[in-house]
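Quick notes on the structure that follows.
Residue numbers (the working numbering): 176 to 526.
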């Protein structure tokens, strides 16, 4: 009797264990583009449940910290395992102090110690939350997010020197338009490529036009990607260089713009370009979908914005709920993007 009971118990444990393993294998990689009104806050949750937050939005009355915390709760998180600060600007670093009061932050990563005096307050905000647990990233480093390969392709003005899988000579470089380098912070920031099986997501934050060319000329060291988080919040007079964008050939672009920032507006010191921003994305070879954090009030022409169903926030008010865009990525390369405002979703298959 005892032996039979033992065998049954072992068999039951094996069944439960196999079911748990199967369940673990079917969990998805989840990416949340949180609405921080044209700042940046991208939350990545691996199939194992580990988390990485890339930037923390604005300081504005802890509005963005609260929105990040709400997304973290929706993802079932009780802490942020890894926090990456792309650079020391207020629309990326301002929310850190408020966020650190709401949810524990694990290891922190940044680009280094050089700072312009005008941005010192944002470095101080970051160090207040991350002193004693920070790591300075160098191009070529990785971050140990479980189940996901995280390659640092740019940091502190340096770039990977060898192509990642899929990198090749870029014929667009021969006639590439060049721009003068932007302010130091937009040249020095951290850029990362996230790989989950065949799926690839590139986040270069506000990396400038010339730095994009450094990564893709004379050869493309990144390869092609599934999703590109639009550079400079979609202000593509300062980012989205065609020789870069058309080489990495994203299937989907997510624009983390605000109602009056990024897409449709000019970068400081540049001529107002209006439709060039959206048109360049829409004309990218192989593009299958464009998702926006906000309808642009800088250029509200429907022809220069994606469809309302794929736009998370439609109004101009600053007091709205702050809807996010979410991608759920399966291990076979299928990924579904969902608009939290209306539940609209669309599924893509990684090329």
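For each residue, glycine too, the CB sits at the ideal point set by N, CA and C.
These numbers come from a predicted model, not from an experiment.
Ignore the nearest five residues each way along the sequence and tell me which others in residue 541's own chain have a CB closer than 6 angstroms to its CB.
The first residue shown for the chain is 176 and the last is 526, placing residue 541 beyond what the model contains.
Residue 486: which of 459, 376, 430 sits nearest, CA to CA?
Comparing Cα positions, the closest option is 430.
In whole angstroms, what separates the C-alpha of residue 438 from that of residue 410?
So the two alpha carbons sit approximately 5 angstroms from each other.
Grab the span of the alpha helix (DSSP H) containing residue 469 for me, first residue to last.
Per DSSP, residue 469 belongs to no alpha helix (DSSP H); it is in the beta strand (DSSP E), 464 to 469.
What's the C-alpha gap between residue 398 and residue 414?
Rounded to the nearest angstrom, the two C-alpha atoms are 18 angstroms apart.
Could you check the C-alpha separation between residue 198 and residue 384 for me, to the nearest Å?
Low local confidence applies: a pLDDT of 38 at residue 198 is under 50, so the model's placement there is unreliable, with the coordinate-based value given in what follows. Going from the Cα of residue 198 to the Cα of residue 384 covers about 43 angstroms.
Does the separation of the CB atoms of residue 328 and residue 367 fall below 8 angstroms?
Yes, Cβ-Cβ distance for residue 328 and residue 367 is below 8 angstroms.
Residue 344 by DSSP, collapsed to three states: which one?
Note: residue 344 maps to strand in three-state DSSP.
Determine the extent of the beta strand (DSSP E) in which residue 366 is found, giving its start and end residues.
Start and end: 366 to 371.
Between the Cα of residue 374 and those of 503, 394, 311, spot the shortest distance and give me the residue it belongs to.
The residue with the shortest Cα to Cα distance from residue 374 is 503.
Report buried or exposed for residue 251, applying the criterion of at least 16 other Cβ atoms within 10 angstroms of its Cβ.
That one is exposed.
Please check the pair residue 334 and residue 389, which I expect to be a contact at CB under 8 angstroms, by giving their CB distance rounded to whole angstroms.
Yes, they are in contact, since the Cβ atoms of residue 334 and residue 389 sit about 5 angstroms apart, within 8 angstroms.
Considering just the uninterrupted stretch of the alpha helix (DSSP H) at residue 206, what are its terminal residues?
It is not in any alpha helix (DSSP H) - residue 206 instead sits in the beta strand (DSSP E) that spans 204 to 208.
Which residues mark the beginning and the end of the beta strand (DSSP E) in which residue 375 is found?
Residue 375 -> beta strand (DSSP E) spans 374 to 378.
Leaving out the 5 sequence neighbours to the left and right, which residues in its chain are closer than 6 angstroms to residue 206 when beta-carbon positions are compared?
So the qualifying residues of the chain are 219, 502.
Three or more C-beta pairs closer than 8 angstroms, one from the segment 349 to 366 and one from the segment 301 to 308: is that the case here?
Counting Cβ pairs under 8 angstroms, fewer than three are found: no touch.
When we look at the beta-carbon of residue 423 and count the other beta-carbons within 10 Å, is it buried (16 or more) or exposed?
Answer is buried; the Cβ neighbour count reaches 16.
Across the segment 345 to 353 and the segment 226 to 243, are there enough close Cβ pairs to call them in contact, namely three or more that are closer than 8 angstroms?
These segments do not touch.
For residue 481, which three-state DSSP category applies?
Three-state result, residue 481: coil.
Helix or strand or just coil, what does DSSP make of residue 244?
Of the three classes helix, strand and coil, the one that applies to residue 244 here is helix, per DSSP.
Tell me residue 433's beta-bridge partners as DSSP assigns them.
Answer by DSSP bridge pairing, in chain order: 436.
Quick check on the DSSP output: the beta strand (DSSP E) that includes residue 524 runs from which residue to which?
Start and end: 520 to 524.
Can you tell me whether residue 376 is buried or exposed? The criterion is at least 16 other CB atoms within 10 Å of its CB, across all chains shown.
With 16 or more other Cβ atoms within 10 Å, it is buried.
Enumerated in chain order, which unbroken segments of the alpha helix (DSSP H) with a length of 4 residues or greater are wholly contained in the segment 256 to 309?
The segment 256 to 309 contains these whole alpha helix (DSSP H) runs: 265 to 268, 271 to 277, 295 to 305.
Rounded to whole angstroms, what is the Cα-Cα separation between residue 519 and residue 482?
One C-alpha to the other measures close to 11 angstroms.
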